[in-house]
Each structure stands twice: as C-alpha cells, then as structure tokens.
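Below is one structure, written out as structure tokens, with a few remarks after it.
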Amino acid sequence: MVLMLLASCVLCAQTPGTAAASGQFDSRPLAAGLSMAIASGLCGLGQGKATAAAVEGMARNPGAAAAIQLAMLIGLALIESLALYTLLIVFLKVT
0 MVLMLLASCV LCAQTPGTAA ASGQFDSRPL AAGLSMAIAS GLCGLGQGKA
50 TAAAVEGMAR NPGAAAAIQL AMLIGLALIE SLALYTLLIV FLKVT
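See below:
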C-alpha cells in the first residue's frame, strides 16, 4: 500500500503547462479524498483514546471528574479542529 501511494505521485504527474482537460488524469480529488480519510481516521482514534483515558481517570479519582471532563472536552475540540482544517484544505486544493 505504501508503494502504491509513493508511486501514484510519479504515475499521475503532469508536465508543466498541460491542462487537466487534455485527457490526462487529475489526481487532486483522489489525493484530497485520501488525505481526508486518513485525517478523519486518525482523529477518531485520537478521540477514542482521549475519551478512554478520561473515563479511566474519572473512575480512579471521582473527586477530579469535573477538571478531567473539562480538559477532555477541550482536547476533543482541538482534535476535531484537525479534521476541520483538513477539510478546509481539501476544499481549497480541489476547487
């Protein structure tokens, strides 16, 4: 899979000055979709790990549950912002 991803840059490369409308394959939508899929998947893994750690921390120390919950919500918002920034870059690059 890694070899396929590395080879796709060379195989789909265009010479400077040629338009994508000339029948050549435009790899930008494919790369944008792949990057969004990777970013969303890794954000999901990060959110799951953060939530599991927060719940475990609340179970071990119920007195600090409010502080742990606040820190978890801020962390989840920052993790989700990564996916939103990736989506913004995808829209800017494809259009």
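If you count the sequence shown from 1, position 29 lands on 28 in numbering that gives the first Met the number 0, and the numbers rise without skipping.
Here a beta-carbon is modelled for each residue, glycine too, at the ideal position from N, C-alpha and C.
Alpha helix (DSSP H) segment containing residue i, residue limits
i, result
"P61", "Element bounds for P61: n/a, residue is neither H nor E."
Residues near residue i in its chain [Cβ-Cβ closer than 6 Å; skip 5 each side]
i, result
"L77", "none"
Sequence-distant residues of its chain with Cβ nearer than 7 Å to residue i (five each side left out)
i, result
"C35", "First, the residue type needs correcting, since residue 35 is Met and not Cys in the sequence shown. Answer for M35: T85, L86 and V89, listed in chain order."
"R27", "K92 and V93"
Cutoff 8 Å; reference residue i; Cβ partners in own chain excluding five residues on either side
i, result
"L75", "Q46, A49 and T50"
Residue j beta carbon less than 8 Å from that of residue i
i, j, result
"A53", "I73", "no"
"A82", "A31", "no"
"M71", "A64", "no"
Residue i versus the options, residue with shortest Cα-Cα distance
i, options, result
"L33", "A58, R59 and V1", "V1"
"E79", "F24, M57, P61 and G40", "G40"
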